[in-house]
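Enquirer: Sending over a structure as structure tokens; questions will come in a sec.
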Amino acid sequence: MTFTYLDQPELFIGVSDEETRCDLCHQQKPCFDAAGFFGEDELAFICPDCLSNGRLYERDSYTCQGDVTELKRQLNEANPALSKADIDDLADQKTLDLEKTTPHLVTWQDWEWPCADGDYARFIGYGSKPLYRQLAGDSDAQSLFEKSLYYTLAEETDAEEVWEDVPKKAIPDYAASSKYSTLFYVFKSLHSDRIITLWDSD
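So the sequence shown is numbered by the working numbering: it starts at 597 and just counts up by one.
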């Protein structure tokens, strides 16, 4: 099960244990819960095939909200020769791809999906000290965490203090994440090794 902007949805999103009727193809199969989607069209379930194949383009329904303002800024910075209209078109297409074909990531609060290097980043897991150590390699895990805080959080967050709240044990899946009142969401750029962290609380 592969999605551009979300890694291992079977772990971090989960599909129904029993076959359920997909609201779009009307087949009985394992499905994602669609009750948390945004938009006017209410859906109960959507199968991975319908989601990845872009069936939400037919509906006023989307799974998340991208940080389109920051995306346009990054695209403009990387492509100064492009016109504003071209930048807007490129950003709008990437945003539609994100919002219409990405599984719905359940979070404590609503926030905009982060971007890096002129594209939306890929969710790779829940932040924990073991995960940051793995991502840091030979570098310092705490330093990686502090540098990874998304710009929307960086100025208002005491990164050193918040590091103390990062779980000491790995969080392998969505079921394990529900035990925490504060969660860290880790993303990786599609085009570099850059790591981005968002966090929220219940």
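Glycine is no exception: its CB is placed at the ideal position from the N, C-alpha and C atoms.
(1) If you measure between the beta carbons of Gly724 and Val762, is that distance less than 8 Å?
(2) Answer with buried or exposed for Glu695, where buried requires no fewer than 16 other C-beta atoms within 10 angstroms of its C-beta.
(3) Expressed to the nearest angstrom, what Euclidean distance is found between the alpha-carbon atoms of Arg617 and Glu757?
(4) Does the distance from the CB of Asp619 to the CB of Ala640 come in under 8 Å?
(5) Would the beta-carbon of Phe634 fall within 8 Å of that of Arg718?
(6) Do you know how far the Cα of Gln624 is from the Cα of Ile792?
(7) Determine the DSSP secondary structure at Leu602, reduced to helix, strand or coil.
(8) Does DSSP put Arg651 in a helix, a strand or coil?
(9) Would you call Thr697 buried or exposed, if buried means 16 or more other Cβ atoms sit within 10 Å of its Cβ?
(10) For Trp704 versus Leu779, is the C-beta spacing smaller than 8 Å?
Expert: Let me spell this out:
(1) To locate residue 724, count along the sequence shown from 1; it is residue 128. To locate residue 762, count along the sequence shown from 1; it is residue 166. Going by the sequence as given, residue 724 is Ser instead of Gly. Here Ser724 is near Val762, since their CB atoms are less than 8 Å apart.
(2) Against the sequence shown, residue 695 aligns to sequence position 99. Burial of Glu695 is indicated by the presence of at least 16 other C-beta atoms within 10 angstroms of its C-beta.
(3) Locating residue 617 in the sequence shown gives position 21, where the first residue counts as 1. Locating residue 757 in the sequence shown gives position 161, where the first residue counts as 1. Cα to Cα, the separation comes out at about 46 Å.
(4) Counting from 1 along the sequence shown, the entry for residue 619 is found at position 23. Counting from 1 along the sequence shown, the entry for residue 640 is found at position 44. Yes, these two residues count as a Cβ contact at 8 Å.
(5) Taking the sequence shown and counting its residues from 1, one reaches residue 634 at position 38. Taking the sequence shown and counting its residues from 1, one reaches residue 718 at position 122. No. Outside cutoff.
(6) In the sequence shown, residue 792 corresponds to position 196, counting from 1. In the sequence shown, residue 624 corresponds to position 28, counting from 1. Here the alpha carbon of Ile792 sits roughly 37 Å from the alpha carbon of Gln624.
(7) Sequence index remark: in the sequence shown, residue 602 carries index 6 (1-based). In this structure, Leu602 counts as strand in the three-state DSSP scheme.
(8) Counted from its first residue, the sequence shown places residue 651 at position 55. Three-state result, Arg651: helix.
(9) For the purposes of this step, residue 697 is taken as residue 101 along the sequence shown, with counting starting at 1. Around the beta carbon of Thr697, 16 or more other beta carbons lie within 10 angstroms, which makes this residue buried.
(10) On the sequence shown, position 108 is the one that residue 704 refers to. On the sequence shown, position 183 is the one that residue 779 refers to. Taking 8 Å as the Cβ cut-off, Trp704 and Leu779 qualify as a contacting pair.
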